[in-house]
Amino acid sequence: SQQGEEDPQALSIQEGENATMNCSYKTSINNLQWYRQNSGRGLVHLILIRSNEREKHSGRLRVTLDTSKKSSSLLITASRAADTASYFCATDGGGSQGNLIFGKGTKLSVKP
Amino acid sequence: KAGVTQTPRYLIKTRGQQVTLSCSPISGHRSVSWYQQTPGQGLQFLFEYFSETQRNKGNFPGRFSGRQFSNSRSEMNVSTLELGDSALYLCATRDRPANTEAFFGQGTRLTVV
C-alpha cells in the first residue's frame, strides 16, 4: 500500500519557473526521501531528510518536512527542461525494515 | 564505483512461463530490495535481502521469489507468468538495510504476452 501521496499528480511549467511538489504520509518516520525517475528508467536519489530536520538544501533543491502534519515538500528552483521527470517521495518501512514505501509520484513537465 | 546492474533490460515472455531477473549491487552494498512498478499500482515492494537472508517481504503471491548470493548479487524469479506481471522490475541496493539512500538499477522491463 502507498505510504505517501504526492500532490499534484502532474505539473507543467515553463523553464525558469519554480516547481513545488508535496507529499503526505501516514505513519511516523525516521526519514523521508525524494527520488526522480526519467521515463521508464531507474530511480535516482535526490535528497534524504531525517525526522529531526525541518529543511534541507541540495543545489536547486529545497526539501521541507513537517512531522506534525506528516507532510513534506520538494521545491525545484529555476527549473530546466532537463528536470522533466517523475518525482517520488518515499519513507522507510519502519524500524530496521529495509523496504521503501513510495507515493504515486508527481509528473513534472518543464517546457523550454 | 560501478552502479547497480540489472539484467536483462528487456524481456518478453508467454503466459505460464517463468522468468529470472538478476541484480548486481554496488560493491560493498549488502542490502538488496526489489520493486515492481506498474502504471496502475505504482511502485510496490517485493522483498528485501541482507547478507543472504530475506528480511522483509511485500504482499505478492508465492509465484514471486528471490534469493541473494554470498557476493550480494540477487535474483528474483516469477513462475507461471500472468499478463498482470507485465511491469518494470527495479532493484535497489544500500550499504545498510534502512535509513539511508537507495541506489536503483535501470530496471528490467518484463512484458507477458
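From first to last, the protein sequence lines stand for chains G and E.
Residue numbering for the first sequence follows the working numbering, beginning at 41 and increasing consecutively.
Residue numbering for the second sequence follows the working numbering, beginning at 34 and increasing consecutively.
Note that beta-carbon positions come from the ideal geometry of N, C-alpha and C, so glycine has one too.
For A135/E, the chain G residues whose C-beta falls within less than 9 angstroms of its own C-beta are Q73, Y75, L83, H85, A130, G138 and L140, listed in chain order.
Under the three-pair Cβ rule at 8 angstroms, the region 113-129 of chain G counts as touching the region 58-72 of chain G.
Taken through DSSP and simplified to helix, strand or coil, L116/E comes out as helix. Inside the region 56-113 of chain E, DSSP marks whole beta strand (DSSP E) runs of 3 or more residues at positions 64-71, 75-83, 86-90, 97-101 and 107-111, from first to last along the chain. Following the DSSP letters along the chain, one finds E95/G inside the beta strand (DSSP E) bounded by residues E95 to S98. Per DSSP, reduced to three states, the secondary structure at A125/E is strand. Residue environment for V65/E: buried (at least 16 other C-beta atoms within 10 angstroms of its C-beta).
A contact between stretches requires three or more CB pairs, one per stretch, nearer than 8 angstroms, and the region 92-108 of chain E fails this requirement with the region 41-50 of chain E. With respect to I53/G, K151/G sits close: the two C-beta atoms are nearer than 9 angstroms.
Among the CB atoms of chain E, none fall inside 9 angstroms of the CB of N62/G. Residues of chain E whose Cβ lies closer than 9 angstroms to the Cβ of L88/G are, in chain order, N132, T133 and E134. Rounded to whole angstroms, T40/E and Y122/E show a C-alpha spacing of 10 angstroms. Going by beta carbons, L140/G and F78/E fall inside the 9 angstroms limit. 9 angstroms or more divides the Cβ of G73/E from the Cβ of L114/E. Put simply, the backbone Cα of S60/E is about 13 angstroms away from that of G138/E. A125/G carries a strand assignment under DSSP once its states are collapsed to helix, strand and coil.
With fewer than 16 other beta carbons inside 10 angstroms of its own, G80/G counts as exposed.
Distance from the Cα of A121/G is smallest, within the candidate group N92/G, L88/G, K66/G and S149/G, for S149/G. Within its own chain, the residues whose Cβ lies closer than 7 angstroms to the Cβ of G145/G, once the five positions on either side in sequence are excluded, are E46, S126, Y127 and F128, listed in chain order.
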